[in-house]
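To start, the structure itself, in structure tokens.
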Amino acid sequence: MGARKQTRPKGDAAASELRILVLHGPNLNLLGTREPEIYGHTTLADIHLVMAERARAAGVLLESFQSNSEGELINRVQAAASEGVAFIILNPAGYTHTSVALRDALAAVDIPFVEVHLSNVHAREPFRRHSYFSDIASGVISGLGSQGYELALEYALRQLSLRAQG
Ligand code: DQA
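Under numbering that gives the first Met the number 0, the first residue of the sequence shown carries the number 0, and numbering increases by one thereafter.
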């Protein structure tokens, strides 16, 4: 997908509209052709479309952002705070296992997030078992393929409507 995709519900977004950011780390732009036996055939654009449709039905603004660059991901997380993003769904990809700096950005903005992995990182090479994000995430979904993103979105929507009422 392009670096940035945004899908608004019908009509223009009100300033108070709930926003969810979906962040994809390095090499996830190759989904569909990248090791399909591990990551499946679904592309990032397919994932975005399904999520955007679901978010629109719930009246939530959903934006997806993919980057192969650690700095760009960090900048996007920092911007999310000033944009009033209420929830983040994050697949840090390879940075899961390496990036203290991206972890620090998420801790700094204090926006709740769910960590998603398409593959079951615990059933793969030992170095994939450690995540710099899991202990500060609301939860982790790993091994459910692209459905993991949809389940994370359902969780986020439930959390947001509970918070909006509370
Ligand atoms: C991944 C798992 C990571 O270990 C890997 O580096 C990825 C994708 C997943 O979605 O399964 O790039 O995050």
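Glycine included, C-beta positions come from ideal geometry on N, C-alpha and C.
Checklist entry - What three-state label does DSSP hand Gly142 in the structure shown? => result By one-based count along the sequence shown, residue 142 stands at place 143. Looking at Gly142 - three-state DSSP - the assignment turns out to be coil, as it is neither helix nor strand.
Checklist entry - CB-CB under 6 angstroms to Leu20, same chain, minus the five flanking residues each way: which ones, in chain order? => result The count along the sequence shown starts at 1 and reaches residue 20 at position 21. Cβ contact annotation for Leu20 (same chain, cutoff 6 angstroms, sequence separation greater than five): Glu62, Ala79, Val84, Ile87, in chain order.
Checklist entry - Just curious, the beta strand (DSSP E) that Ile87 is in, first and last residue? => result Here the question's residue 87 lines up with position 88 in the sequence shown. Residues 86 to 90.
Checklist entry - Which runs of the beta strand (DSSP E), 3 residues or longer, sit entirely within the stretch 90 to 117? => result 112 to 116
Next on the checklist: Considering only heavy atoms of the ligand DQA and the C-beta of each residue, which residues fall inside 6 angstroms, strictly closer?
Outcome noted: Residues lining the ligand DQA by the Cβ criterion, that is a Cβ closer than 6 angstroms to any of its heavy atoms, are Asn26, Asn90, Ala92, Gly93, Thr95, His116, Leu117, Ser118, Val120, Arg127 in chain order.
Checklist entry - What separation, rounded to the nearest whole angstrom, lies between the Cα atoms of Leu161 and Tyr154? => result Residue mapping note: residue 161 aligns to position 162 of the sequence shown, counting from 1. Residue mapping note: residue 154 aligns to position 155 of the sequence shown, counting from 1. Distance between the alpha carbons of Leu161 and Tyr154: 11 angstroms.
Item to check | Unbroken stretches of the beta strand (DSSP E), 3 residues or longer, contained in the stretch 4 to 71 | outcome: 18 to 23, 60 to 65
Item to check | Within 7 angstroms, strictly: CB atoms of Ile73 and Ala104 | outcome: Walking along the sequence shown from the start, residue 73 turns up at place 74. Walking along the sequence shown from the start, residue 104 turns up at place 105. In contact: Ile73 and Ala104 (Cβ atoms closer than 7 angstroms).
Checklist entry - For the putative contact between Val59 and Leu17, defined by C-beta atoms under 8 angstroms, what is the C-beta separation to the nearest angstrom? => result Along the sequence shown, one-based indexing puts residue 59 at 60. Along the sequence shown, one-based indexing puts residue 17 at 18. Confirmed, Cβ separation roughly 5 angstroms.
Checklist entry - Rounded to a whole number of angstroms, what is the C-alpha to C-alpha distance between Leu27 and Leu43? => result In the sequence shown, counting from the first residue as 1, residue 27 sits at position 28. In the sequence shown, counting from the first residue as 1, residue 43 sits at position 44. Going by the C-alpha atoms only, they are around 7 angstroms apart.
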